[in-house]
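The sequence shown: position 5 = 52 (the numbering used here), numbered continuously.
Ideal Cβ placement from N, Cα and C applies to all residues, glycine included.
One structure below.
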Amino acid sequence: MYLDSQTNSTGREELSDYVAHLQLHMTLQARNLVPTLTQAGNSREELLQQTQATFEKHVSRQNLN
48 MYLDSQTNST GREELSDYVA HLQLHMTLQA RNLVPTLTQA GNSREELLQQ TQATFEKHVS
108 RQNLN
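Spelled out as C-alpha cells, the structure:
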C-alpha cells in the first residue's frame with residue numbers, strides 16, 4: 048500500500064513538473080509570436096518588463112494541488 052501511494056505521488060510530481068515546463072514553454076512561445084509594440088524607453092519600463100517575465104515564470108512553476 049505504501050509503495051502504491053509513493054509511486055502515485057511521484058507520478059503526480061512528474062506530471063506537475065511537466066505541466067509547469069509546458070506552461071513556461073507556451074508563454075515564451077506566445078511572446079515570440081506577438082511582437083512588442085514598443086521597446087523599453089527607459090530603465091523603469093525595462094525593469095517592469097523583466098519583473099513581469101519573472102513573475103510569469105514563477106506562476107507557471109507553481110505546484111497546483
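- prompt: Secondary structure at residue 108, three-state DSSP: helix, strand or coil?
  reply: coil
message: My output table needs one value for residue 89: the three-state DSSP class, helix, strand or coil.
response: coil
message: Between residue 55 and chain B, is any beta-carbon pair separated by less than 8 angstroms?
response: The structure shown contains no chain B, having only a single protein chain.
task: Can you tell me the Cβ-Cβ gap for residue 57 and residue 103, rounded? I've got them flagged as a contact below 8 angstroms.
output: Going by Cβ atoms, the distance from residue 57 to residue 103 rounds to 27 angstroms, so no, they are not a contact pair.
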